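A short write-up of the structure that comes next.
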Amino acid sequence: MNNLTDRELHGGCACGAFRFTARGTPSRVSLCHCMTCRKHLAAPFGAFAIYQADQVTLSSAPTIMFKSSGDGRRYSCAACGSPVYDRYDGQDEVELMFGSFDDTSIFTPTYELWVKRRENWLPPLQHAPHLYDADRPATAPREAPNEGSESL
Ligand SMILES: [Zn+2]
Ligand SMILES: [Zn+2]
Numbered sequence: 011m012n013n014l015t016d017r018e019l020h021g022g023c024a025c026g027a028f029r030f031t032a033r034g035t036p037s038r039v040s041l042c043h044c045m046t047c048r049k050h051l052a053a054p055f056g057a058f059a060i061y062q063a064d065q066v067t068l069s070s071a072p073t074i075m076f077k078s079s080g081d082g083r084r085y086s087c088a089a090c091g092s093p094v095y096d097r098y099d100g101q102d103e104v105e106l107m108f109g110s111f112d113d114t115s116i117f118t119p120t121y122e123l124w125v126k127r128r129e130n131w132l133p134p135l136q137h138a139p140h141l142y143d144a145d146r147p148a149t150a151p152r153e154a155p156n157e158g159s160e161s162l
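Shown next, in the form of structure tokens:
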């Protein structure tokens, strides 16, 4: 992660209609095991690189929006349906998914959310010092995405 300061990373959806560029180092890098991430991504967990909004350029290709919680907005390519980014009301951030980057092996997560939902076959991350059983507590350091008021 140390060499990412001046780096420009590119990614996009499966069909190529929607593209993004992310500049510099993400604010946080996480895994989330919540059911909303799993359902939305059709995957056993979500993996996110979270940037300040002004670090990210999003293409103007049409998207569809899924309101995943009170403040959560998840956007997918309107042409192929691939999830492409998430935003949360009141936060000046853009959440990009590992699998959307052209190089999917760039990031190493440093924390996990909704650990109580982690798949039995999936061990804890070796290098993730912060594990949260569900959403991050209000007193947590500013390092976890706001999952909204998910009821499980
Ligand atoms: Zn697409
Ligand atoms: Zn989640």
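Going from the sequence shown to this note's numbering is simple: count from 1 and add 10. Note that beta-carbon positions come from the ideal geometry of N, C-alpha and C, so glycine has one too. Computed from a predicted model, the values in this text were never measured in an experiment.
Uninterrupted beta strand (DSSP E) stretches inside the region 97 to 122 (no shorter than 3 residues): As far as the region 97 to 122 is concerned, its whole beta strand (DSSP E) runs of at least 3 residues are 103 to 107.
Residue from Met107, Gly34, Lys77, Tyr142 whose Cα sits closest to the Cα of cysteine 23: In terms of Cα proximity to cysteine 23, the closest of Met107, Gly34, Lys77, Tyr142 is Met107.
C-alpha distance - tryptophan 29 paired with glutamine 65, whole-angstrom precision: In the sequence on display, residue 29 carries arginine and not tryptophan. Between arginine 29 and glutamine 65, the C-alpha separation is close to 14 Å.
Rounded straight-line distance, which links the Cα of glycine 80 to that of glutamate 163: Residue 163 lies beyond the stretch modelled for the chain, which goes from 11 to 162, so this question has no answer here.
Close Cβ partners of alanine 144 (< 6 Å) along its chain, the five nearest in sequence each way excluded: Excluding positions up to five away in sequence, the list reads Trp124.
For cysteine 42 and glutamine 136, the rounded distance between their alpha carbons: Spanning the two alpha carbons is a distance of roughly 15 Å.
Neighbourhood of lysine 77 by C-beta distance below 7 Å, restricted to the same chain and skipping five residues each side: So the qualifying residues of the chain are Arg83.
Bridge-paired residues (DSSP) for glutamine 136: According to DSSP, glutamine 136 bridges with nothing at all.
Paired residues, beta bridge with leucine 68 - DSSP: Partner(s): Phe30.
For leucine 141, the residue or residues it bridges with in DSSP: Secondary-structure assignment with DSSP links leucine 141 through a beta bridge to Glu122.
Aspartate 112 versus lysine 126 - alpha carbon distance: Taking the straight line from one Cα to the other gives about 30 Å.
Around ligand 1, Cβ to any heavy atom closer than 6 Å, ordered along the chain: Matched residues: Cys23, Ala24, Cys25, Ala27, Phe28, Cys87, Ala89, Cys90, Ser92.
Contacting residues, own chain, Cβ-Cβ under 6 Å from alanine 89 (five flanking each side not counted): The residues are Cys25, Ala27.
Anticipated Cβ contact below 8 Å, tyrosine 98 with glutamate 122, distance rounded: Not confirmed; about 18 Å, so no contact.
Threonine 46: CB within 6 Å of a non-hydrogen atom of ligand 4: Although ligand 4 was asked about, the structure shown includes only ligand 1 and ligand 2 as ligands.
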